[in-house]
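Presented below is the structure to which this report refers.
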């Protein structure tokens, strides 16, 4: 009698395990609703990372996050994190941050290391007296 109760308990645990977030199909025993990017939402369903992004699996759905210094400024994950936020004057440091051009003659603004930096155009130098580039 005690053995049959143990077998029933084991059978119940197996049913609970199979009925949980685990998929038992073709020998797959992965937790498809966990964080496994190789079995996300189903066995052998892989989350592929787009360019300059990292793939993640959350509750059986693929998601992505940009690598440091990159931005998904067009909100299209198919092309990944397409903007280099360290040197793009239209997306400097974060998406949509446009560097303003200086108001003095001969000046330009560049994005360097994710910060807008004013400088003189190539071949010109700053003149303190005139407050412009010559």
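Numbering (mature numbering (1 follows the signal peptide of the UniProt record, and there is no 0)), first residue to last: -23 to -1, 1 to 111.
All residues carry an ideal CB built from backbone N, CA and C; glycine is no exception.
Start and end residues, beta strand (DSSP E) containing residue 87 = 84 to 89
Own chain, CB closer than 7 Å to residue 74, minus 5 neighbours either side, in chain order = 68
Straight-line CA distance for residue 25 to residue 64?
-> 26 Å
In the DSSP assignment, find the unbroken beta strand (DSSP E) run with residue 41 in it and report its ends.
-> 38 to 43
Option in 56, 53, 31 and 102 with minimal Cα separation from residue 45 | 31
So, is residue 100 buried or exposed, given that buried needs 16 or more other C-beta atoms within 10 angstroms?
-> So residue 100 counts as exposed.
Given that a residue counts as buried once 16 or more other Cβ atoms are within 10 Å of its Cβ, and exposed if not, what is residue 47?
-> buried
Of all the options 56, 5, 55 and 49, which has the alpha carbon lying nearest to the alpha carbon of residue 62?
-> 49
To the nearest whole angstrom, what separates the beta carbons of residue 27 and residue 56, a pair I think is in contact under 8 Å?
-> The beta carbons of residue 27 and residue 56 sit about 7 Å from each other, so the pair counts as a contact at 8 Å.
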